[in-house]
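Okay, structure first, notes after.
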Amino acid sequence: MYKLRVKVGHSYDPLTHIHVVPNDDQHPVFIDTPHFTGRVCVRVRNFNGFVPEGRECITYSRYFDGNSDQYSIQVQGRFKGGPWTGDDIVFGNDFDKKVELPPLSWLGLKVLQIIDPALEADIYGDKPWAYSPLLVTMNTIRCSEVPIELDKDDPSARVLPSWPSGDGTHVTEGKLGSYDLAKRRKYFSKKKIRANFQIKESQVWDIDFFNSYADFNNFAVKLPGFSVSLAPFWKKQPLPFRYVCKSRDSSAVFFVVLFEVTYIEDENNDESRKNQDFQMEDVEISDTLGQERDKTQSPKSPTTNTNIFQMSTRRLSSSFRSIPQSTADNTAQSSRKILSPPPKESKESSTSETKKPSRFSRQSLSSYFTRSHSKE
Numbered sequence: 001m002y003k004l005r006v007k008v009g010h011s012y013d014p015l016t017h018i019h020v021v022p023n024d025d026q027h028p029v030f031i032d033t034p035h036f037t038g039r040v041c042v043r044v045r046n047f048n049g050f051v052p053e054g055r056e057c058i059t060y061s062r063y064f065d066g067n068s069d070q071y072s073i074q075v076q077g078r079f080k081g082g083p084w085t086g087d088d089i090v091f092g093n094d095f096d097k098k099v100e101l102p103p104l105s106w107l108g109l110k111v112l113q114i115i116d117p118a119l120e121a122d123i124y125g126d127k128p129w130a131y132s133p134l135l136v137t138m139n140t141i142r143c144s145e146v147p148i149e150l151d152k153d154d155p156s157a158r159v160l161p162s163w164p165s166g167d168g169t170h171v172t173e174g175k176l177g178s179y180d181l182a183k184r185r186k187y188f189s190k191k192k193i194r195a196n197f198q199i200k201e202s203q204v205w206d207i208d209f210f211n212s213y214a215d216f217n218n219f220a221v222k223l224p225g226f227s228v229s230l231a232p233f234w235k236k237q238p239l240p241f242r243y244v245c246k247s248r249d250s251s252a253v254f255f256v257v258l259f260e261v262t263y264i265e266d267e268n269n270d271e272s273r274k275n276q277d278f279q280m281e282d283v284e285i286s287d288t289l290g291q292e293r294d295k296t297q298s299p300k301s302p303t304t305n306t307n308i309f310q311m312s313t314r315r316l317s318s319s320f321r322s323i324p325q326s327t328a329d330n331t332a333q334s335s336r337k338i339l340s341p342p343p344k345e346s347k348e349s350s351t352s353e354t355k356k357p358s359r360f361s362r363q364s365l366s367s368y369f370t371r372s373h374s375k376e
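Counted from 1, the sequence shown has number 294 at position 294 by the UniProt record's numbering; the numbering is strictly sequential.
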């Protein structure tokens, strides 16, 4: 099975990545660097993955009520160290090594580029990537002019207003000029217009990125009516699915979110396999002990052999009580495999010891089980 671990950071360096608890609406991660000051909250529907030591898993968030979204990356912050334009800041995915993609991935990319005309990508390279301008790709954007209040004790409160989604409430679309969601995406898909739009440090941006297709919790892609597992393409190798917000020229990284999918053995299945192995070993040991007892019995005491077989079959016959009479013969045939007599000895050993044949031939065993079932 696959389990998910979520991390948040401010650079590509793994040492800066913080293992977080998804769906912790009240405690977003605070980031403060020369390029970005803000909060990041990650949500995953029905999350059941890894959490930091000492923390409890949060499965539910009110954020997912009434929608089909599988995850959310919500951010509130200021972009610093500019000047930046709407064309400078991009958001998307990148990988550190080549990824084996499912068939028809190129078709999926074409569909995404229809939805997001500004999306650029190289998904078949040695280090695949797909980026789109922040102003176009985000599902929700709200921008406000908010002054910095240096007199407050909380460092985050000095530069940011209160966190708007402590109870899982969605950020609502705010207007950039006179543009709502649909018009915003269409308007900023033009490079020239993006390049003329200034992103200032005095602005606080509330943004939310989400979709209903990437099911990180179950490592699958959800499509209308069915789900496609990605497990065959990852081959049980740990692989971080990384979202990054950075400058187009990579001179600045603002924030990073990693969905790390790790393969682990299914504990229930593993325990079941152990129980099955134990039961098989128990049967084999019992059968071996029965054979050793047969060798030590006197040829003149067949009743002792009878008692041994009766003891060996007592538990088996009790399991046949609920079996119809018509299946008794089949049951007897299956039981012969467990209680079959020892293999014939070689000619060398047979000359040194003479042993009477057992009373229990295959026909007598079948009759025995049939009679036992009838009595029950």
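Where is the CB? At the ideal position from N, CA and C, for every residue including glycine.
Unbroken beta strand (DSSP E) run spanning residue i, endpoints
{"i": "serine 247", "result": "239 to 247"}
{"i": "threonine 37", "result": "36 to 44"}
{"i": "threonine 262", "result": "253 to 263"}
{"i": "serine 144", "result": "140 to 145"}
{"i": "alanine 118", "result": "Counting along the chain, alanine 118 falls outside any beta strand (DSSP E), and DSSP gives it neither H nor E."}
{"i": "arginine 93", "result": "The amino acid occupying residue 93 in the given sequence is asparagine; arginine does not appear at that position. Note, asparagine 93: beta strand (DSSP E), 89 to 94."}
Contact check, residue i vs residue j, beta carbons under 7 Å
{"i": "serine 247", "j": "aspartate 88", "result": "yes"}
{"i": "serine 136", "j": "phenylalanine 79", "result": "In the sequence as displayed, the identity of residue 136 is valine instead of serine. No. Outside cutoff."}
{"i": "phenylalanine 233", "j": "cysteine 245", "result": "no"}
{"i": "glycine 38", "j": "valine 75", "result": "yes"}
{"i": "arginine 158", "j": "glutamate 149", "result": "yes"}
{"i": "serine 165", "j": "aspartate 69", "result": "no"}
{"i": "arginine 184", "j": "leucine 176", "result": "yes"}
Cβ shell of residue i (< 8 Å), same chain only, five flanking positions each side left out
{"i": "lysine 127", "result": "Asp94, Phe95, Asp96, Lys97, Lys98"}
{"i": "leucine 230", "result": "Pro102, Phe219, Ala220, Val221"}
{"i": "arginine 62", "result": "Asp25, Asp167, Gly168, Thr169"}
{"i": "phenylalanine 59", "result": "The amino acid at residue 59 is misidentified as phenylalanine; the sequence shows threonine. Closer than 8 Å at Cβ, skipping near neighbours: Asn23, Asn46, Phe47, Asn48."}
{"i": "isoleucine 18", "result": "Lys7, Val8, Gly9, Val29"}
{"i": "alanine 195", "result": "Thr85, Gly86, Asp87"}
Same chain, Cβ closer than 7 Å to residue i, neighbours up to 5 away in sequence not counted
{"i": "arginine 142", "result": "Val171, Thr172, Glu173, Gly174, Asp206"}
{"i": "arginine 5", "result": "His19, Gly49, Phe50, Glu260, Thr262"}
Terminal residues of the alpha helix (DSSP H) in which residue i lies
{"i": "glutamine 26", "result": "Run containing glutamine 26: none; DSSP gives neither H nor E here."}
{"i": "lysine 110", "result": "105 to 115"}
{"i": "threonine 137", "result": "134 to 137"}
Residue i burial status per 10 Å Cβ neighbour count (16 or more: buried)
{"i": "glycine 77", "result": "buried"}
{"i": "arginine 55", "result": "exposed"}
{"i": "phenylalanine 210", "result": "buried"}
{"i": "tyrosine 71", "result": "buried"}
{"i": "aspartate 13", "result": "exposed"}
{"i": "aspartate 122", "result": "exposed"}
{"i": "phenylalanine 64", "result": "buried"}
{"i": "arginine 43", "result": "buried"}
{"i": "arginine 371", "result": "Its pLDDT being 49, under 50, arginine 371 is placed unreliably by the model, and the measurement read from it follows with that caveat. Exposed is the call here."}
{"i": "valine 228", "result": "exposed"}
{"i": "cysteine 41", "result": "buried"}
{"i": "leucine 160", "result": "buried"}
{"i": "valine 111", "result": "exposed"}
{"i": "proline 117", "result": "exposed"}
{"i": "residue 385", "result": "Within the shown structure, residues of the chain are numbered from 1 to 376, placing residue 385 beyond reach of any answer."}
{"i": "alanine 182", "result": "exposed"}
{"i": "aspartate 208", "result": "buried"}
Cβ-based neighbour list, residue i, same chain, cut-off 6 Å, excluding 5 preceding and 5 following
{"i": "histidine 27", "result": "none"}
{"i": "leucine 258", "result": "Lys7, Pro240, Arg242"}
{"i": "serine 11", "result": "Val253"}
{"i": "threonine 16", "result": "Gly9, His10"}
Q) In chain order, which alpha helix (DSSP H) runs of at least 4 residues are fully inside the region 153 to 236? A) 155 to 159, 181 to 187, 191 to 195, 231 to 234
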